[in-house]
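S.K.: Line by line, the protein sequences are chains A and B. The numbers in the first sequence follow the UniProt record's numbering, run straight up by one, and end at 243. The numbers in the second sequence follow the UniProt record's numbering, run straight up by one, and end at 614.
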Amino acid sequence: MNVWLIAKREFSSFFSTPVAYVFIAIFLMLSSIFTFFVGNFYERGQADLLPFFNFHPWLYLFLVPAIAMRSWAEERRSGSIELLMTLPVSIWEAVIGKFFAAWAVLGLALVLTFPLWLTVTYLGKPDHGIIVAAYLGSWLMAGAFLAISMCMSAMTKNQVIAFILAVVICFLFVMSGTAVVLDAFRYWAATLTIDTVASFSFLTHYDAMAKGVLALNDVTYFLLVIFIWLYAGLIIVEQKKAH
Amino acid sequence: MKKITAIISLLLLAVLFVGLVLVNNQLLSQVRVDLTENQVYSLSEGSKSVLEDIDEPLTLYFFYSDSASKGMTSLRNYADRVKSLLQEYEQAADGMIKLEVIDPEPFSEAEDQATQFGLTGATVGPIGEAIYFGLAGTNALDDQFTIAFFDPQKEQFLEYDISKLIYQLSDPEEVKLALVTDLPVTGGQNPMTGQFTPPMVFFDQLSQLYDVEVVESNADALPEHTDVVMLAHPGKLTEKLRYAIDQFAMNEGRVLAFVDPHYESAPMSMMGSMGANSSTLTLLQSWGINADLQKVVLDARLGLDIRAQDGGIVTHPGILGLTAQELNRQDVTTANLESINGASFGTLSLVQGSQLRQESLFTSSADARLISAEMYSQNMDPAALQKELDGATQSYVLAARFTGRATSAYSGPVAEATAFSSNTSKISVIVVADVDMLADRFWVQQSNFFGETVYTPFANNGDFITNATENLAGSNALISVRSRGTFVRPFERVQELELKAQARYREHEEKLQTELADTEAQLSQLQSHPGQSGALVVSAEQQAAIDDFVAKRVAIRKQLREVRYQLERDIDALGNWLKFVNIAAAPLLLVILLFGLSRLFRRKAGAVYTGVRS
């Protein structure tokens, strides 16, 4: 119950400041710009949203750390964290509540991209199953980005540092399936190690979902990332509380 | 102290994370939901049972020029789909299939390998880089089968093609075809002219692909290990052979039958004095298939032009040229055929109470009717047949695939025969109600090329016979793999605009082009006749007229350019409008809406906030 209350409080606080509006506006505009101008959505003439979903990892890479950087860092800087700790809520309730609130904002941003879905339905006959799967995949991936970013925010009082750390770590997770990261392992590691490193990649799991196939391992992977990084965040908040 | 505990906890958490991801990769990848409309990433039951029958491990090499095909969006999308499907096979085969994905870059060893397998490279680009997009498979015995190039046009049969390749690898024995016929398929002497005739072309083709054995109607048994029985207008079968064919159908179930109300390509029938030369195959009736061989289909739309006796050209409503429209686009045997020629087709249907399922392969047009075969055979004059077309308003099934449950024509074993099957649930019969389509003159042209006889097909009759045989030769599982939906989804709205614009452009252009031609003609006339007096000087009026025409020509040319530009304009306009809506209008509108909504709810949220704090 407390989780719900905290989530609600956090969610509405997003909308009492310009943060959520700016985030959503930027997300909507950038995703459309990428879709139309970089992904050549209109010129390629295919009734699917592939060019749209392809850019989500890269948008999240910068936008999610931006929305998450203040979650703990701000509370610690302003001292309101002391107040929060005195309330009759456990730390894990606070961690999960904050996470769900921000995840809901990300979900809302995704929902508001519906004009693009309407556009593609107007132009041709898209496979709606694929689009639904891709939206689900995108939201799950956003959750993974968010959990990492919130953990980074818990580590420092400085929002800028929290942002940069989050971007770097998220970048590693996005790229781990590509040559950029794999080349570092290629010459000395066993195949299983390389495969495992490759399977950390957000891109691999997300691509599979964006094609319309929801595999259990892709879904659990993102849930695992969310759970592990939230738990890490919890440990860090707990530890910092001592100071 | 607390800090150390925290660090240790984090480290443990990291280890746990890696461990869980490993477990997740190994265990949970099997469960998946395919949300695509046509289940394009899932294997059908047929393919799965083909995979179950693999006894020895196979290796599939998927060659795709990933790096050389940059920017070819639709091909890349298709390649992605093929790759996913192949991975699905690999996963479903439980370790019996090893998939290797190879990118044969130009001048690499991989490219040589691709050529060795016999894959086709499509050349693109200014320096002619080859793009490979095919599949090669090998089994433990080093048999090799390939799909030379995955043609996007054949997308709906992608799964069938791959399953077929896997089936061939797992069961590489040559197909044995028993051809039950009395036609001179292997060639021989023409009784009328005494001339030696070569084998029929369809027989030649089949012999190159399969182990074909001809069984005459007076034989006693089918050859051993027969995979497919093909019946082509056999005469009266001996009782033993008839029983053997019936039992073959009850056990193996794969029969391809050609029957005809009137086989007019026989030398005697061509004379026109014999009456209807119809097939007798009572077995079909017992199995539940009704082939009406008393009547011939006359079609008002599909009749082919033939040379009449008086030397003129006349349309013969009984000699039909079926086009893509009359051939089933969903069945693998007919989907890619363009035309089938035949004569005096009969019609097919199910016997009442039959438990078979009928899928038509060839149909007549909707303007057809039946006349008696006897009357047809007596009538040598196409013009007289034309008169019979009155009231031709029906469409008939000319060839069909029958699958399902059938009962034997016999109630018990005949004499010394021991094993007897009284029925089957998996019969698979393709019946064509015409035998003339097998005759060379309906589909190949014979010509002489430096002393060698060359056959050039002008209809797809031969392809159909091969397709049908090949399809029936596969396992039942393979036969059940049918076409799937296509993956390409164009912007229909844009295509519509394009068509409309093109029509408008053409109309406009034609008008302007004639105007331009007129103007130019007048202009050149004026310029070549400077003056009536013969003087070389152009009068002022003439000069004015010339100037006028030149100006007009410039104007028309400009208009033409304008029209050409307009062609693209509507499409661009739609694109720009959509861009504007999606990038600027919709986001702004939605955010403003959100702002309004949040103000509405602000008070309530405030209450929650203080509630928590207290």
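C-beta atoms are modelled at their ideal positions from N, C-alpha and C, and glycine is treated no differently.
Would you kindly work out how many angstroms separate the C-alpha atoms of residue 245 of chain A and B:L28, rounded to a whole number?
M.R.: As displayed, chain A neither begins before 1 nor continues past 243, which places residue 245 of chain A out of reach and without an answer.
S.K.: Enumerate in chain order the residues of its own chain whose CB-to-CB distance from residue 265 of chain A is below 8 Å, with the five nearest sequence positions on each side excluded.
M.R.: Since the first and last residues shown for chain A are 1 and 243, residue 265 of chain A lies out of range.
S.K.: Just to confirm before moving on: does the CB-CB distance between B:P184 and B:T193 stay below 8 Å?
M.R.: No. Outside cutoff.
S.K.: Is A:Y60 close to chain B, meaning its C-beta is less than 8 Å from at least one C-beta of that chain?
M.R.: Not an interface residue.
S.K.: So, is A:I130 buried or exposed, given that buried needs 16 or more other C-beta atoms within 10 angstroms?
M.R.: Its Cβ being crowded by 16 or more others within 10 Å, A:I130 is buried.
S.K.: List the residues of chain B that A:Q239 touches, going by C-beta distances under 7 Å, in chain order.
M.R.: Here the neighbours are K2, K3 and A6.
S.K.: Given a cut-off of 8 Å, decide if A:G39 and A:F55 are closer than it, judged by their beta-carbon atoms.
M.R.: Yes, the pair counts as a contact, with Cβ atoms nearer than the cut-off.
S.K.: Give the list of continuous beta strand (DSSP E) stretches no shorter than 3 residues that lie fully inside the stretch 292–375 of chain B.
M.R.: Here the runs fully enclosed are 295–299, 303–307, 313–323, 339–343, 347–350, 356–363 and 368–372.
S.K.: Can you have a look at A:Y122 and say buried or exposed, based on whether 16 or more other CB atoms are within 10 angstroms of its CB?
M.R.: Burial call: exposed.
S.K.: Tell me where the beta strand (DSSP E) around A:F36 begins and ends.
M.R.: Note, A:F36: premise wrong, no beta strand (DSSP E); not H, not E.
S.K.: Which bits of chain A does B:Y41 rub up against, with CB to CB less than 8 Å?
M.R.: Near B:Y41 (Cβ distances below 8 Å), the residues of chain A are K211, G212 and V213.
S.K.: Who are the neighbours of B:P57 on chain A, taking C-beta pairs under 7 Å?
M.R.: Under the 7 Å cutoff, chain A gives no residues; its nearest Cβ is about 19 Å from B:P57.
S.K.: Sort A:A232, A:S201, A:I6 and A:T196 by Cα distance to A:S90 and report the nearest one.
M.R.: Nearest option by C-alpha distance: A:I6.
S.K.: Give the residues of chain B in contact with A:V38, contact being defined as C-beta atoms less than 7 Å apart.
M.R.: Simply none; closest approach about 12 Å.
S.K.: For A:I81, which residues of its own chain have a beta-carbon under 7 Å away from its beta-carbon, when the five flanking residues on both sides are left out?
M.R.: Taken in chain order, the residues that qualify are E75.
S.K.: Can B:T354 and B:G275 be called in contact, C-beta distance under 8 Å?
M.R.: Reading the sequence as shown, one finds Ser at residue 354 of chain B and not Thr. No, they are not a contact pair.
S.K.: Measuring alpha carbon to alpha carbon, tell me which of B:S269, B:T226, B:H508 and B:E520 ends up nearest B:V563.
M.R.: Nearest C-alpha to B:V563: B:H508.
S.K.: When you compare the CB of A:D127 with every CB in chain B, is at least one pair closer than 8 Å?
M.R.: So, interface residue.
S.K.: Could you pull out every residue in the same chain whose Cβ sits closer than 6 Å to the Cβ of A:S12, ignoring the five residues on either side in sequence?
M.R.: Answer for A:S12: no residue qualifies.
S.K.: In angstroms with no decimal places, state the Cα-to-Cα distance between B:Y64 and B:S42.
M.R.: In a straight line, the C-alpha of B:Y64 is about 21 Å away from that of B:S42.
S.K.: Judging by CA-CA distance, which residue of B:D310, B:I131 and B:V481 is the nearest neighbour of B:L158?
M.R.: Ranking the options by Cα distance to B:L158, first place goes to B:V481.
S.K.: I'd like to know if B:V612 contacts chain A, where contact means its C-beta is closer than 8 Å to some C-beta of that chain.
M.R.: With a pLDDT of only 44 at B:V612, under the threshold of 50, the placement of this residue in the model should not be trusted; the figure read from the coordinates follows. With 8 Å as the cut-off, B:V612 counts as an interface residue toward chain A.
S.K.: Does DSSP put B:Q39 in a helix, in a strand, or in coil?
M.R.: The answer is coil: DSSP assigns B:Q39 none of H, G, I, E or B.
S.K.: Is the number of C-beta pairs between the stretch 288–306 of chain B and the stretch 513–525 of chain B that are closer than 8 Å three or more?
M.R.: The answer is no - the stretch 513–525 of chain B does not touch the stretch 288–306 of chain B, with fewer than three Cβ pairs under 8 Å.
S.K.: Going by the beta-carbon positions, is the gap between B:S365 and B:E338 smaller than 8 Å?
M.R.: No, the Cβ-Cβ distance between B:S365 and B:E338 is not below 8 Å.
S.K.: Could you tell me the boundaries of the alpha helix (DSSP H) in which A:P51 lies?
M.R.: It spans L50 to N54 - the alpha helix (DSSP H) in which A:P51 sits, taken as one unbroken run.
S.K.: Cβ atoms of B:I97 and B:L58: under 8 Å apart, would you say?
M.R.: Contact: yes.
S.K.: Give me the Cα-Cα distance between B:S598 and A:S16, rounded to the nearest whole angstrom.
M.R.: Each residue's Cα considered, the two are about 8 Å apart.
S.K.: With respect to the alpha helix (DSSP H) encompassing residue 627 of chain B, which residues constitute its N-terminal and C-terminal limits?
M.R.: Absent from the model: residue 627 of chain B. The displayed extent of chain B is 1 to 614, so no value can be given.
S.K.: So which residues of chain B does A:M1 contact, with C-beta pairs closer than 8 Å?
M.R.: Correct list: empty, because the minimum Cβ distance to chain B is about 11 Å.
S.K.: Please determine, among B:S217, B:R553, B:A130 and B:P382, the residue with the shortest C-alpha to C-alpha distance to B:R311.
M.R.: In the sequence on display, residue 311 of chain B carries Gly and not Arg. Selected option, being the one with the closest Cα: B:P382.
S.K.: Can you check DSSP and say which residues form a bridge with B:T469?
M.R.: Bridge partners of B:T469: none, in fact.
S.K.: Quick one: give me the first and last residue of the alpha helix (DSSP H) that A:Y135 is part of.
M.R.: Per DSSP, A:Y135 belongs to the alpha helix (DSSP H) from H128 to M155.
S.K.: Please classify B:I430: does DSSP put it in a helix, a strand, or coil?
M.R.: Note: B:I430 maps to strand in three-state DSSP.
S.K.: Would you kindly work out how many angstroms separate the C-alpha atoms of B:A384 and B:A433, rounded to a whole number?
M.R.: Cα-Cα distance, rounded: 23 Å.
S.K.: Report the rounded CA-to-CA distance for B:T456 versus B:E264, giving the unit in angstroms.
M.R.: Between B:T456 and B:E264, the C-alpha separation is close to 22 Å.
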